[in-house]
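Here is the structure we will look at.
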Amino acid sequence: QPGTEHDRAALLQWLQRTYAEVCPEQQEFRHLAATLAQYWSGGQGLTWITQSTTRVACLWQAMAVDQITGDRYPHVLLLRVVPDHRRRGLARTLMATVQTQAQQQGYGQVGLQVASHNSAALAFYHALGYQTRSLLLMKSLPNSANCD
């Protein structure tokens, strides 16, 4: 099902659950509301898979710009399948849909970001043909103030 403008709160909950699962040591995810505000476009780019009336999978995408070529491309911001429905092909189906739509719209690539310690996700994306294009490097600074 395509998302609608009424799905904003549900998407925020899915974002928070996803990051809590990937980064259990992190306690707060309030900043995800700002991410949602930045990329939200009234449900556009949002797809749900439901079983009966229960949402079991979600994919959210927005447009990004390749910093090397300047080309715009679809960027997957969230892909989540609830644990009880994993390994049934739902994520593969959602990613195939993104790729097909991107090709039909004339885009030459699809991008996404994945945590380096998320080996299951990395294996999944590599199996779909995704390759590392760049690496995000971070250095934690002692006693640093929050610059936000």
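Residue numbers (the working numbering): 529 to 676.
By construction, the Cβ of each residue, glycine as well, lies at the ideal position given by its N, Cα and C atoms.
Computed from a predicted structure; not experimentally measured.
Is it right to say residue 612 is buried, meaning 16 or more other beta carbons lie within 10 angstroms of its own, or is it exposed?
Residue 612 sits at position 84 when you count from the first residue of the sequence shown. Under this definition residue 612 is an exposed residue.
Could you say which of 550, 625 and 536 lies nearest to residue 649 if we only look at CA atoms?
As a working mapping, residue 649 is identified with position 121 in the sequence shown. The shortest CA-to-CA distance from residue 649 to any of 550, 625 and 536 is the one to 550.
Considering only residues of the same chain and omitting the five flanking positions on each side of residue 604, which have a CB-CB separation below 6 Å?
Translated into the one-based positions of the sequence shown, residue 604 becomes position 76. In the same chain as residue 604, and ignoring 5 residues on each side of it, the C-beta atoms closer than 6 Å to its own belong to 589 and 640, in chain order.
Return the residue from the list 651, 626 and 670 that minimises the CA-CA distance to residue 601.
Against the sequence shown, residue 601 aligns to sequence position 73. For the residues 651, 626 and 670, the minimum Cα distance to residue 601 belongs to 626.
Backbone CA spacing between residue 651 and residue 665 [nearest angstrom]:
The residue given as residue 651 occupies position 123 in the sequence shown. The residue given as residue 665 occupies position 137 in the sequence shown. C-alpha separation (whole angstroms): 20 Å.
Residues bridged to residue 589 [DSSP beta-bridge criterion]
Position 61 of the sequence shown holds residue 589. Bridge partners of residue 589: 604.
Which residues in the same chain have their Cβ closer than 7 Å to the Cβ of residue 573, if we skip the five residues on either side of it in sequence?
As a working note, residue 573 is residue 45 in the sequence shown. Closer than 7 Å at Cβ, skipping near neighbours: 588, 589 and 590.
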